[in-house]
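Asks:
In the UniProt record's numbering, the protein residues as written are 1 to 1238.
1) Nearest-angstrom Cα distance between residue 1188 and residue 1219?
2) Just the Cα atoms here: how many angstroms apart are residue 914 and residue 809?
3) Could you have a look at residue 287 and say whether DSSP puts it in helix, strand or coil?
4) Quick one: grab the DSSP three-state call for residue 389.
5) Which residues mark the beginning and the end of the alpha helix (DSSP H) in which residue 624 is found?
6) On the criterion of 16 or more Cβ atoms from any shown chain inside 10 Å, does residue 964 qualify as buried, or is it exposed?
7) Throw me the rounded Cβ distance for the residue 1241 and residue 1206 pair, which I believe falls under 8 angstroms.
8) Check each candidate in 417, 1133, 1195 and name the one with the smallest Cα separation from residue 195.
9) Considering only C-alpha positions, which residue in the set 1056, 424, 183 is nearest to residue 234?
10) Can the beta-carbon of residue 829 be found closer than 8 angstroms to that of residue 816?
11) Alpha carbon to alpha carbon, how far is residue 642 from residue 494?
12) From the DSSP output, in three-state form, read off residue 615 for me.
13) In the DSSP assignment, what are the bridge partners of residue 301?
14) With a threshold of 6 angstroms on Cβ separation, who are the neighbours of residue 610 within its own chain once the five nearest residues in sequence on each side are excluded?
15) For residue 535, which beta-bridge partners are listed by DSSP?
16) Round the Cβ separation of residue 332 and residue 383 to the nearest angstrom and send it over; I've been treating them as touching at under 8 angstroms.
17) Take residue 893 as the anchor and find which of 1042, 930, 834, 685 has the nearest alpha-carbon.
18) Along the chain, where does the beta strand (DSSP E) containing residue 550 start, and where does it finish?
19) List the residues that DSSP assigns as beta-bridge partners of residue 1251.
20) What's the C-alpha gap between residue 917 and residue 414?
21) Kindly give me the distance between the Cβ atoms of residue 1094 and residue 1022, rounded to whole angstroms, as I take these residues to be in contact under 8 angstroms.
22) Buried or exposed for residue 212, going by 16 or more other Cβ atoms inside 10 Å?
23) Is residue 595 closer than 8 angstroms to residue 588 when the C-beta atoms are compared?
24) Considering only residues of the same chain and omitting the five flanking positions on each side of residue 1221, which have a CB-CB separation below 7 angstroms?
25) Does the region 1043 to 1051 touch the region 770 to 780, meaning 3 or more C-beta pairs lie closer than 8 angstroms?
26) Between the alpha carbons of residue 247 and residue 408, how many angstroms are there, rounded?
27) Could you pull the start and end residues of the alpha helix (DSSP H) that residue 1072 belongs to?
28) Is the Cβ-Cβ distance between residue 486 and residue 972 less than 8 angstroms?
29) Within the continuous alpha helix (DSSP H) that includes residue 645, where are the two ends?
30) Starting from residue 1223, follow its DSSP beta bridges and name the residues at the other end.
31) Which of the three DSSP states, helix, strand or coil, is assigned to residue 719?
32) By DSSP, does residue 382 sit in helix, in strand, or in coil?
33) Check residue 508 in the structure and name its three-state DSSP category.
34) With a threshold of 16 other CB atoms inside 10 Å of the CB of residue 1195, please say whether the residue is buried or exposed.
35) Quick check on residue 744: buried or exposed, where buried means 16 or more other Cβ atoms within 10 Å of its Cβ?
36) Between the Cα of residue 1065 and the Cα atoms of 1010, 761, 223, 692, which residue gives the shortest distance?
So, in structure tokens, the structure goes:
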């Protein structure tokens, strides 16, 4: 009997027993099996049929519309012939019950993750059933309680396709958002969630009320429909593409085991628990656990380009126990293991699970999983069981929306739009009050003819009040164009076009790898022109990340320097130096170069320390070997490992073969096989990796990692070798080399067995597995014996010093955040000119405690104050009082902060003092930092300085920093594509960053600012004309212009010229932008567009509207043409004002354009022509109300006099101001542009 013990209820685990999926005769439904844990053992109900039979009168299980009676189950077979089970949080039961179980479906679920049977029995579903079911049956019944399934394991018999389909997401995917029926309502709903669209929809509704609208709804409907239609067409096209992609993917074919035979199924029909066969060059249909493959030791190779963009092959390896099944369909179909694994998530590089099979438990990790979207390469076939399908796969889990980043201009525009709305309301309120006064004084004597006159009281005062209130809404309609409906659409179009200019820039194309720059987002281009801080990784970002074994220290002896035997001096190694000859080794690599013959001599004479050193390099790694064209090649996860294994190979220690249980190497021609007992994985927190091996009965632990990490774990009594090795470490780091320390320790059999038992328990844990494993690793990685250190050279990329110098001259502060040791980081800082010899001082913060760091920061601050007192203007060029530090001749300060000290610097109590120091430094280097610390530093500057930040990196450890910054730039380098996938922009080399910022970023910012200034100017010049006209029409909300002109002004007449300005405008050439980096400075303080510039543009627009209205009004009021025709009619006045407005807009944008392209000519002059063409078509062809007005105006000399006079009055002040300003206070761009002309 089942005892009353704790049932473990997990919220996060998925349990699977995987099988063929066939249905044995006599089985109609076998739904749930009870699992309880009694004193670390698992007992199952001995007689399932008894429970099922007793429960049959109470409920039936309904799946996919079919009813299956539980009483039909067979009692003797727990799994059927080849039974399989799956437990998933995604599963859900639907229960139907008899009249006696009314409360079953509404039963509350236990709140604790660990619930006893006694507590479970208190459920309403249990109480209802207690009259008919025993306590054992209660345990069973709770496991099938519908609400309990929301938190408990869900058990499903995978033998039955109907159960698997019902309980889990199938493999059908749907990335599309709409159908033909739902497109229109859903798309409109999405668009009207935008405030601007909803605002204009409300105006359209108001225009449908005749009592308050002097305009037909078409004036608002046309621009609103235009914006909605443009967006809808784009959305429809995008969704149509998604529909096509979904259909193509869902109809792919996969070979699936059904009843012991392979059948071809559509991908959409593949289910959790299916065993599928993959063949070479096939895509993986779902996330599968690898069971067997055609390659030795259960290896297979995959390409993950569709997942993470990486084209290099990755190796996966199944368990040797399952690999033995080979391609035996019968055995694979009978596979009935139990998998307990994590819930669906989007972590591509992590998988946690356990497999229970044949009374054994096996730990599962990412190396045993093939993810949907991968392609099988260089492997004839493999088999796997589906763990996640459809939307549960990691590929689909990663298809969600990323964090949306907004530019500073976006935030400013939102504020300005609110200000414009208040400006509109203030005009409406003024007109409302004026209308009330006018109605009370004058309007009451007018004849009743307006639409609302029949609705207002006869009493003059109340009548004036009601009319004035109605006029408020009328003017809100008439002057609604002051709120720009097309602004956001125009901004997005400009950004989209600017992104293509970045993508098409051949000067940012890297021929060596065939990689072009790419704007991965289209919403941040102008932010590239306002960067104030750059946070850069070092390895792979500033350096090439192509590692070469350069030097080493073994047992206190340094190797790698070439010494002149006659003088004893160290010779400089250059291109003319002759490398050693390794041809004695048949596995040597011709491209490997080493110059110190003493190390090779030590290898040949059998030096024990040297042999142990290279033996460790050949054994302690995760590299996978493979044969390509008859030659041994290595697949490594990092360039460092590849370089070290390659060095061991060339010195005669060849890594040959790896299996899950052994490593084979060849030492000077002799084969050595080591039993692989355990791998202690590397991660960015541990900063080390270890392997535990057995050979000839001796167990050893080999470790390699960061020198500070290894030194902290060394055994005592190694003072001499530690001291000498530390000297060599400092020497290597001073030369800018990357260092790793190597160590080992012997292990006793008994101690290792005990440790392995606890390690196995941690490896099988479903919760906090990584933390438990790290704690277990810490136990055994102690009392290490130092073996030596390696020094790997990672050369700077081409153009890095020049790029950093130019960016610094542009006023951008550059911080380097690296995991390398302090000396290496400082050396690289000098190499790339981040640090210079003529700096006032380079501070180092390396205190180990809070108090030490506090004292060091105080000392730095005092030193800076002393230096600044001798500088002009007191504060100094790098003080917090000065922003543009590039204008001073001083080279200022730099600071180097160690990782353990940075922990204290980021403490809330030291944060302000730390900022006070670093913000006065031109360069900052943080070394030995973790990925989390990188992100914290970026967030600190964002929060404290409100500065625009950019983070650039190439590896997975840079992802958090890239996501934290305003702009993330990924470099497609040697460490995969994780940084690129997380970035907003990607480039192939660091040197392209200066072109991305100083050319494209500056241009984009300059263009956007110029576009916005002109956009607001033309909108105010157009709209405020109605306000001036109100003084002459009794504030009756009458419009100046024709309704069609109002509708198409922003849509046709003025949209294309300003878009061309925003896409193609340049003040100086790209070469000039790079030659004079100080041109970038205005973006730091938002000089080109801010609240002041906005007010200037709007005031300019209001002045233009005043002149545009008053001069024609004064000319045409009570005017007569020379031929005696009366000119004082409303339609003629509106046509004249509209025509002069279009001429003014054209002249204004022509003056604003400094870089003319064929597109500028077509759009500017074409818009002027289109005005006359559309006016003729609308009024003469369609029959508009203003027919003949433009013809009459153009044939009168009065119009031409008025047009010339108005245009001159508007243009002369603008031209004069610009000429005077450029003469007396020219900007750097204006001076350079003038130089270019001459």
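Cβ atoms here follow ideal geometry from the backbone N, Cα and C, with glycine treated the same way.
Bear in mind that the values here come from a model prediction, so they are computed numbers and not experimental data.
Replies: Taking the coordinates as given:
1) 41 angstroms
2) 24 angstroms
3) strand
4) Residue 389: coil per DSSP, three-state reduction.
5) From DSSP, residue 624 is part of no alpha helix (DSSP H) but of the beta strand (DSSP E) over 624 to 628.
6) buried
7) As shown, the chain starts at 1 and ends at 1238. That puts residue 1241 outside it, with no answer to give.
8) 417
9) 183
10) yes
11) 45 angstroms
12) helix
13) 315, 377
14) Excluding residues within five positions, the ones whose Cβ falls inside 6 angstroms are 554, 602, 603.
15) 815, 951
16) 5 angstroms
17) Ranking the options by Cα distance to residue 893, first place goes to 834.
18) 548 to 554
19) Residue 1251 cannot be examined here, being either before or after the span of the chain that is shown, 1 to 1238.
20) 35 angstroms
21) No, residue 1094 and residue 1022 are not in contact; Cβ-Cβ is about 17 angstroms, not under 8 angstroms.
22) buried
23) no
24) none
25) no
26) Approximately 40 angstroms, taken between the alpha carbons.
27) 1070 to 1075
28) no
29) For residue 645, the enclosing alpha helix (DSSP H) has its first and last residue at 639 to 650.
30) DSSP, once it has assigned bridges, lists no residue as partnering residue 1223.
31) helix
32) strand
33) Correct three-state label for residue 508: helix.
34) Residue 1195 should be labelled exposed.
35) When all chains shown are included, residue 744 counts as buried.
36) For residue 1065, the closest alpha carbon among the candidates 1010, 761, 223, 692 is that of 1010.
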